[in-house]
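See structure below.
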Amino acid sequence: MTPTLLHFALSPACRVVRLVLAEKGIGFRLEPTRFWERTPEFLRLNPAGTLPVLKTSAQAAALSDVRALVEYLEEAAPEPGLLGPDPESRAEVRRLLGWFVDKFDQEVSGPLLRERVLRGLTRDGSPDAAAIRAAKWNMKVHLDYVGHLAMRRRWLGGDRLSVADLAAAAYLSVPDYFGDVPWDRNDHARDWYSRIKSRPCFRPLLQDRIGGYPPPAHYADLDF
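Under this note's numbering, think of the first position of the sequence shown as 303, with each following residue one higher.
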């Protein structure tokens, strides 16, 4: 059975898993899921009511949580390794994965996705302009940190491409869809993102569209 990933196109956590699957050459199906409706069928798969959810077979239990899925895929398909070649490298890659899954999502991508798209889809009031302004200000701080890492290392987590790069790019790609990443602010971050953006695994993400929310012209441009 081809694995099926329940996802929402602009969920950064889902995008991380899509990138890991593609980098490892694992074929998979995408199943768009309106996770906010919290249907009984969906909650049976993941009682937390969150995405991503991976169904690996008809018999196996569905797997969920982005970090658990990264670890599962690294064990199930060890090559290419995306967590680092030694304990210190793996600790740093996991730290950066946590940075984006927790801190970046809380301060940037989560508020922007909620205010710019999910409020409209769920009809849950008007966007909170103050929350959007705060997220855009936080974006600058995070972008500078990405640039700092990209200036000091070949890749964000060290000498080789890792989940740190895939997670950072996945989480940045969501505010980029809204035109909220000031790429001109940091050349190191921009050049690093351009390298990730040009990888074959990333190109399907650049084709994602949410009806009524078109991305800026540069979003799918590999050369910005």
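Even glycine gets a Cβ: it sits at the ideal position worked out from N, Cα and C. For clarity, every value in this text was computed on a predicted model and none was experimentally measured.
Please report how far the alpha carbon of residue i lies from the alpha carbon of residue j, in whole angstroms.
{"i": "R369", "j": "G329", "result": "20 Å"}
{"i": "P305", "j": "S500", "result": "25 Å"}
{"i": "L356", "j": "Y521", "result": "27 Å"}
{"i": "W401", "j": "R492", "result": "19 Å"}
{"i": "R396", "j": "P516", "result": "33 Å"}
{"i": "R331", "j": "I512", "result": "19 Å"}
{"i": "G427", "j": "Q509", "result": "28 Å"}
{"i": "P477", "j": "A378", "result": "31 Å"}
{"i": "Y447", "j": "R435", "result": "19 Å"}
{"i": "P380", "j": "N488", "result": "34 Å"}
{"i": "E417", "j": "K405", "result": "18 Å"}
{"i": "D367", "j": "D486", "result": "33 Å"}
{"i": "F526", "j": "P502", "result": "16 Å"}
{"i": "R455", "j": "V319", "result": "24 Å"}
Here's a check: name, in chain order, each residue in its chain whose Cβ is nearer than 6 Å to the Cβ of residue i, leaving out the five neighbours to either side.
{"i": "P518", "result": "G481"}
{"i": "W457", "result": "L463, D467"}
{"i": "S391", "result": "G460"}
{"i": "Q361", "result": "none"}
Per DSSP, which one or two residues make a beta bridge with residue i?
{"i": "W457", "result": "G460"}
{"i": "L307", "result": "L332, L356"}
{"i": "S366", "result": "V355"}
{"i": "I512", "result": "Y515"}
Report all residues from its chain with a CB closer than 7 Å to the CB of residue i; omit the five preceding and five following residues, and keep chain order.
{"i": "R317", "result": "A472, S475, L507"}
{"i": "H527", "result": "In the structure as shown, the chain begins at 303 and stops at 526. Residue 527 is therefore absent and cannot be evaluated."}
{"i": "K438", "result": "D482"}
{"i": "I498", "result": "D467, A471, F504"}
Less than 8 Å between the beta carbons of residue i and residue j, yes or no?
{"i": "T358", "j": "L347", "result": "no"}
{"i": "G335", "j": "L353", "result": "The residue asked about is misnamed: residue 335 is Thr in this sequence, not Gly. For T335 and L353, yes; Cβs fall inside 8 Å."}
{"i": "P382", "j": "E325", "result": "yes"}
{"i": "P413", "j": "A393", "result": "no"}
{"i": "R340", "j": "G351", "result": "yes"}
{"i": "Y479", "j": "L312", "result": "yes"}
{"i": "L307", "j": "E333", "result": "yes"}
{"i": "L445", "j": "P484", "result": "yes"}
{"i": "V443", "j": "L384", "result": "no"}
{"i": "A469", "j": "L398", "result": "yes"}
{"i": "F310", "j": "F337", "result": "yes"}
So residue i and residue j are supposed to be a Cβ contact under 8 Å. How far apart are they, rounded?
{"i": "V410", "j": "M441", "result": "5 Å"}
{"i": "P314", "j": "D430", "result": "About 20 Å separates the two Cβ atoms, so there is no contact after all."}
{"i": "L375", "j": "L423", "result": "At roughly 29 Å, the Cβ-Cβ gap does not stay under 8 Å, so L375 and L423 are not in contact."}
What I want to know is whether the C-beta of residue i ends up closer than 7 Å to one or more non-hydrogen atoms of the ligand ADP.
{"i": "G386", "result": "You won't find the ligand ADP in this model; it holds no ligand whatsoever."}
Which residues in the same chain as residue i place their Cβ atom closer than 8 Å to its Cβ, once the five residues preceding and following it in sequence are excluded?
{"i": "R425", "result": "none"}
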